[in-house]
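Data first, discussion second: the structure below is written as structure tokens.
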Amino acid sequence: MPNPNSKTLSHNFNSIEKAFDNNLSGFDFMKIKDDSVVAMRKLFKQNKFFDFIYIDGSHNGEDILSDAIEAFKILKKEGLIFFDDFLQHDKNRALQSYDGIEKFLNLYSNYLKIEYFQNNLVVRKK
Ligand SMILES: C[S@@+](CC[C@H](N)C(=O)[O-])C[C@H]1O[C@@H](n2cnc3c(N)ncnc32)[C@H](O)[C@@H]1O
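For the sequence shown, the numbering used here assigns the number 114 to the initial residue and increments by one for each residue that follows.
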């Protein structure tokens, strides 16, 4: 269901992406343009594991849950996942961000530790 709150952005994304690449040109980084779940599954197959994962994609609860599950697979032991502004509420969403997070925390409660829980959430993999 289209989100009536969404608006057509008139940004020139080509120039934004050029600025992004330019800003990061001095760093050793890999840019992946893909669906987050598909991309994380590819990284898992490539045995790529991370110390820190920042989740700030779709804020639909079901998408956050999918992102969290795939991110947890490629997170190193003692690694951190940072969930950005998950307390927001959108009446047009079937599953709110925090619903998805709650389900993830219940599913993985034995395998993670909550390090920070305000408007953002940080969990550490045990
Ligand atoms: C909240 S914005 C990200 C803001 C960005 N982290 C920042 O701080 O500027 C969410 C972005 O995630 C993208 N997105 C939503 N669902 C996605 C998915 N499944 N895979 C990849 N990107 C997605 C959206 O197109 C949007 O650009």
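The beta-carbon is built from N, C-alpha and C at its ideal position, and this holds for glycine as well.
*asked:* Check for me: the beta strand (DSSP E) holding residue 180 runs from which residue to which?
replied: Careful: residue 180 lies outside any beta strand (DSSP E), inside the alpha helix (DSSP H) at 174-186.
*What do you reckon, is the C-beta of residue 95 under 7 angstroms from a heavy atom of ligand 1?*
The question about residue 95 has no answer, for the chain in this structure spans 114 to 239.
*residue 213 - DSSP class collapsed to helix/strand/coil*: Helix.
*At which residues does the beta strand (DSSP E) containing residue 129 begin and terminate?*
Careful: residue 129 lies outside any beta strand (DSSP E), inside the alpha helix (DSSP H) at 126-136.
_Looking at the strands, I want to know which residues DSSP matches up with residue 226._
237
_Extent of the continuous beta strand (DSSP E) run through residue 163_ = Residues 163-168.
*Take every Cβ of the stretch 192-199, pair it with every Cβ of the stretch 168-179, and state whether three or more of those distances are shorter than 8 angstroms.*
yes
*Span separating the alpha-carbon of residue 213 from that of residue 199*: 9 angstroms
*Anticipated Cβ contact below 8 angstroms, residue 238 with residue 188, distance rounded*: 5 angstroms
*Take residue 206 as the anchor and find which of 215, 174, 181, 219 has the nearest alpha-carbon.*
174
*Taking residue 185 as the reference, which of 126, 143, 235, 127 has the closest Cα?*
235
*residue 177 vs residue 210 beta-carbon contact at 8 angstroms*: Contact annotation: residue 177 and residue 210 have beta-carbon atoms nearer than 8 angstroms.
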